[in-house]
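Here is the structure we will look at, set down as structure tokens.
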Amino acid sequence: MARSPLSVSRFRNSFFGWWIVWSALHITLLLSYGYPLSLAATDSLVTNSLLLAACWIVSNILRYYIPYSDRYWYVLFLSLIFSLVVNALSKFILNLILADPLNTNYIIFLSNSYWLRLGIAFLLVGCMAVICVLWYTQEEEQENRQRKNDAEKLSRDAELYKLRQQLQPHFLFNSLNSISALIGSNPSQARNMIHQLSDFLRTTLRKEEEQWVKMEEELQSLELYLEIEKVRFGHRLSTSIVKDEYSLQLMIPPMLLQPVVENAIKFGLYDTTDAVTIHIAVLSEKDALKVIVQNPFDPETASPRHGTGFGLNSVKRRLFLLFARTDLVETMAKDHIFTTTINIPNHESYYR
Amino acid sequence: MKVIIVDDELLARSIIREYMQNHPELELVAECNDGFEGVKAIQQQQPDLIFLDIQMPKINGFEMLELIEQPPPVIFTTAFDEYAIKAFESHAVDYLLKPFSRERFDKALAKWRQSGHSQGNKEKLATLLDSVSNSPAEQQRVVVKLSGKIRIIPVEDIHFLEAADDYVKVHTRDGAFLKNKTMGHFETVLDKNHFVRTHRSYMVNIAEITRIDPYEKDNHLAILKSGGRVPVSKTGYVKLKSVLGL
Numbered sequence: 000m001a002r003s004p005l006s007v008s009r010f011r012n013s014f015f016g017w018w019i020v021w022s023a024l025h026i027t028l029l030l031s032y033g034y035p036l037s038l039a040a041t042d043s044l045v046t047n048s049l050l051l052a053a054c055w056i057v058s059n060i061l062r063y064y065i066p067y068s069d070r071y072w073y074v075l076f077l078s079l080i081f082s083l084v085v086n087a088l089s090k091f092i093l094n095l096i097l098a099d100p101l102n103t104n105y106i107i108f109l110s111n112s113y114w115l116r117l118g119i120a121f122l123l124v125g126c127m128a129v130i131c132v133l134w135y136t137q138e139e140e141q142e143n144r145q146r147k148n149d150a151e152k153l154s155r156d157a158e159l160y161k162l163r164q165q166l167q168p169h170f171l172f173n174s175l176n177s178i179s180a181l182i183g184s185n186p187s188q189a190r191n192m193i194h195q196l197s198d199f200l201r202t203t204l205r206k207e208e209e210q211w212v213k214m215e216e217e218l219q220s221l222e223l224y225l226e227i228e229k230v231r232f233g234h235r236l237s238t239s240i241v242k243d244e245y246s247l248q249l250m251i252p253p254m255l256l257q258p259v260v261e262n263a264i265k266f267g268l269y270d271t272t273d274a275v276t277i278h279i280a281v282l283s284e285k286d287a288l289k290v291i292v293q294n295p296f297d298p299e300t301a302s303p304r305h306g307t308g309f310g311l312n313s314v315k316r317r318l319f320l321l322f323a324r325t326d327l328v329e330t331m332a333k334d335h336i337f338t339t340t341i342n343i344p345n346h347e348s349y350y351r
Numbered sequence: 000m001k002v003i004i005v006d007d008e009l010l011a012r013s014i015i016r017e018y019m020q021n022h023p024e025l026e027l028v029a030e031c032n033d034g035f036e037g038v039k040a041i042q043q044q045q046p047d048l049i050f051l052d053i054q055m056p057k058i059n060g061f062e063m064l065e066l067i068e069q070p071p072p073v074i075f076t077t078a079f080d081e082y083a084i085k086a087f088e089s090h091a092v093d094y095l096l097k098p099f100s101r102e103r104f105d106k107a108l109a110k111w112r113q114s115g116h117s118q119g120n121k122e123k124l125a126t127l128l129d130s131v132s133n134s135p136a137e138q139q140r141v142v143v144k145l146s147g148k149i150r151i152i153p154v155e156d157i158h159f160l161e162a163a164d165d166y167v168k169v170h171t172r173d174g175a176f177l178k179n180k181t182m183g184h185f186e187t188v189l190d191k192n193h194f195v196r197t198h199r200s201y202m203v204n205i206a207e208i209t210r211i212d213p214y215e216k217d218n219h220l221a222i223l224k225s226g227g228r229v230p231v232s233k234t235g236y237v238k239l240k241s242v243l244g245l
């Protein structure tokens with residue numbers, strides 16, 4: 000339910016200010032006609048109090064109901080009804096209070112000024128009604144805008160959540176299969192791998208809650224992941240990781256690099272039959288993070304002709320949702336080496 | 000009974016080896032790291048059974064089988080591949096989901112024995128291979144074999160296809176390769192916006208066409224960048240025009 004304009008103090012203060020000015024004007028006018036102050040004050044107080052009440056009632060009626068079509072006819076109709084009621088009541092009350100043979104002049108003036116009073120009451124109530132309609136329309140629009148923003152944020156959060164937790168089932172089941180094999184031949188290594196796999200799963204689960212993590216943590220879980228893959232692929236897979244100390248303290252959306260490294264492994268290991276080294280470099284440039292992942296690939300069959308492809312779309316999408324930029328992921332294929340560069344702007348300059 | 004294991008992961012092979020120890024009649028004659036080794040070993044050894052992983056370097060398990068003239072009975076092993084599992088189920092070919100238990104392994108072997116070491120599996124296998132060739136990987140490349148050498152041809156590199164008896168001739172810059180499939184197969188697998196069946200026996204990559212000349216009565220000839228000439232029938236010409244937006 001929208002707020003009433005009278006509930007907003009700025010509006011209320013100016014409303015009552017105007018009311019006092021208006022009542023004073025009313026008194027001055029009657030004084031200038033030669034009526035005594037007591038009479039003028041009574042007339043002003045009765046008439047303007049009734050007008051005040053009418054304005055309040057009209058603002059409340061409009062608060063609960065404004066028709067979508069014909070709203071201006073509705074306003075006209077309301078103003079007319081209320082000005083008629085105000086006028087009839089004030090005439091009745093004033094006649095009642097001031098019915099005195101001494102005031103005959105005034106009583107005649109009162110009935111003569113009926114149409115003038117009606118016109119003024121109509122204008123004032125109508126003015127209030129129009130202000131209220133505009134006010135409530137604006138309030139409603141603001142509410143709609145707010146709701147739309149909330150809905151958009153909600154769906155963006157949901158999408159980010161989904162993008163964050165894309166754990167490859169293929170990886171999980173193959174790792175379990177490796178453990179199953181190791182249990183027979185090398186139980187202590189099997190146990191070790193269970194620990195690594197649990198640690199990795201735990202970090203991915205925990206990270207789902209968080210919006211940002213330190214690069215250091217992200218790198219730790221990547222290393223765990225790579226260790227597990229090394230057990231699976233044995234001598235075929237080796238890794239080299241270069242990092243600078245400052246970059247480890249910078250923040251990164253959790254699990255952002257996971258699909259990048261998965262891709263590097265997928266195209267490195269499944270696109271060639273040789274031994275493969277995956278290079279990862281974590282650098283800081285000014286206050287931004289720069290992560291470079293390199294893997295060998297076979298240009299004959301991997302054909303990067305299919306756009307930058309390589310399954311990096313989810314990473315791009317996430318960065319777009321977070322920073323509204325599409326230029327943060329760069330890829331390059333050269334001399335059998337595929338290079339993915341991810342730039343992560345300093346999140347504090349975006350979110351502070 | 001000769002057995003071959005084809006899997007790119009050492010540990011995945013070792014568990015099959017371990018489970019096989021309970022079945023002394025099985026003799027492990029080869030372990031292969033990838034499909035290339037697999038093709039070679041299968042041709043040399045003529046095994047009675049292969050355990051075959053799907054996701055492997057360069058060519059996957061299905062593509063490997065396509066390269067073999069008389070594929071032996073297969074028990075597929077895979078960790079997670081929705082596409083393949085659906086295909087296995089609809090074609091009742093046995094498969095093991097990693098990690099699998101000894102009991103499950105024994106059951107798969109029992110099934111293989113029951114099928115009389117499985118000549119009957121052959122047709123099943125053929126229909127299976129046909130159905131999985133719609134998988135995303137196979138829509139992007141064609142795996143062929145030429146005098147013992149295996150080649151992976153990205154579909155963009157195909158100039159045109161030509162029917163040749165039971166085979167299809169895949170024409171590329173580096174010459175023509177025979178593939179043991181039908182034109183109908185390629186028509187369903189290849190992207191219809193890039194490949195058009197211009198003739199009962201021809202399909203052409205439209206990116207390769209430089210011009211189309213009239214040729215006898217209602218027929219046309221598509222002239223390719225490579226200089227190749229592909230016949231275009233009356234109905235083929237209509238199809239070609241609609242794809243080219245003429």
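Protein sequences, first through last, are from chains P and Y. Residues 0 to 351 (numbering that gives the first Met the number 0) are what the first sequence spells out, left to right. Residues 0 to 245 (numbering that gives the first Met the number 0) are what the second sequence spells out, left to right. Don't be surprised by glycine CBs; every beta carbon is placed ideally from N, CA and C.
Extent of the continuous alpha helix (DSSP H) run through residue i
i, result
"P/Glu329", "Per DSSP, P/Glu329 belongs to no alpha helix (DSSP H); it is in the beta strand (DSSP E), 328-333."
"Y/Ile58", "Looking at the DSSP string, Y/Ile58 is not in any alpha helix (DSSP H), and its letter there is neither H nor E."
"P/Leu109", "103-111"
"P/Leu95", "70-97"
"P/Tyr261", "A small fix is needed here, since residue 261 of chain P is Glu in this sequence, not Tyr. 257-270 is the span of the alpha helix (DSSP H), which, as asked, contains P/Glu261."
"P/Val57", "36-63"
For residue i, three-class secondary structure by DSSP
i, result
"P/Phe296", "coil"
"P/Leu218", "helix"
"P/Tyr245", "helix"
"Y/Lys97", "coil"
"Y/Pro213", "strand"
"P/Met192", "helix"
"Y/Arg196", "strand"
"Y/Asp7", "coil"
"P/Trp18", "helix"
"Y/Ala48", "Reading off the sequence shown, one finds Leu at residue 48 of chain Y, where the question assumed Ala. Strand at Y/Leu48."
"P/Asn342", "strand"
"P/Asn143", "helix"
"Y/Ala29", "strand"
"Y/Met0", "coil"
"Y/Val220", "This sequence places Leu at residue 220 of chain Y; Val is not what is there. In the structure shown, Y/Leu220 sits in a strand (DSSP, three-state: E or B)."
"P/Val275", "strand"
"Y/Gly174", "strand"
"Y/Ile15", "helix"
"Y/Glu68", "coil"
"P/Met127", "helix"
"P/Leu225", "helix"
Range of the contiguous beta strand (DSSP E) that encloses residue i
i, result
"Y/Tyr230", "Per the sequence shown, the amino acid found at residue 230 of chain Y is Pro instead of Tyr. Residues 228-231."
"Y/His184", "Looking at the DSSP string, Y/His184 is not in any beta strand (DSSP E); the run it does join, the alpha helix (DSSP H), is 182-188."
"Y/Asn204", "201-204"
"P/His169", "Counting along the chain, P/His169 falls outside any beta strand (DSSP E), though it belongs to the alpha helix (DSSP H) covering 168-184."
"P/Phe319", "Segment 312-322 is the alpha helix (DSSP H) holding P/Phe319; no beta strand (DSSP E) there."
"Y/Phe75", "73-77"
Neighbourhood of residue i by C-beta distance below 6 angstroms, restricted to the same chain and skipping five residues each side
i, result
"P/Ser89", "Val45, Thr46, Leu49"
"Y/Ile53", "Asn59, Gly60, Thr77, Asp80, Ala83"
"P/Tyr224", "Phe199"
"P/Thr238", "Leu225, Ile277"
Residue i, buried or exposed, once every other Cβ within 10 Å from all chains shown has been counted against 16
i, result
"Y/Lys191", "exposed"
"P/Val292", "buried"
"P/Asn17", "Checking the sequence, you will find Trp at residue 17 of chain P rather than Asn. Exposed is the call here."
"P/Ala150", "exposed"
"P/His25", "buried"
"P/Arg9", "exposed"
"P/Ala128", "buried"
"P/Phe296", "buried"
"Y/Asp156", "buried"
"P/Ser13", "exposed"
"Y/Phe87", "buried"
Contacting residues, own chain, Cβ-Cβ under 7 angstroms from residue i (five flanking each side not counted)
i, result
"P/Thr307", "For P/Thr307, the pLDDT reaches just 45, beneath the cut-off of 50, and the residue's location in the model is therefore unreliable, although a value from the coordinates is still provided. So the list reads Thr330, once near-sequence residues are dropped."
"Y/Asp212", "His219, Leu220, Ile222"
"Y/Val231", "Thr197, His198, Ile211, Asn218, His219, Leu220, Ala221, Leu239"
"Y/Pro46", "Lys1, Val2, Ile3, Val28, Pro71"
Close beta carbons around residue i, own chain, < 8 angstroms, minus the five adjacent residues each side
i, result
"P/Arg2", "Glu138"
"Y/Leu128", "Phe61, Leu64, Glu65"
Practice prompt. Tell me the start and end of each unbroken beta strand (DSSP E) in the stretch 125-172 of chain Y that is at least 3 residues and wholly inside, in chain order.
Written response: 140-145, 148-153, 157-163, 166-171
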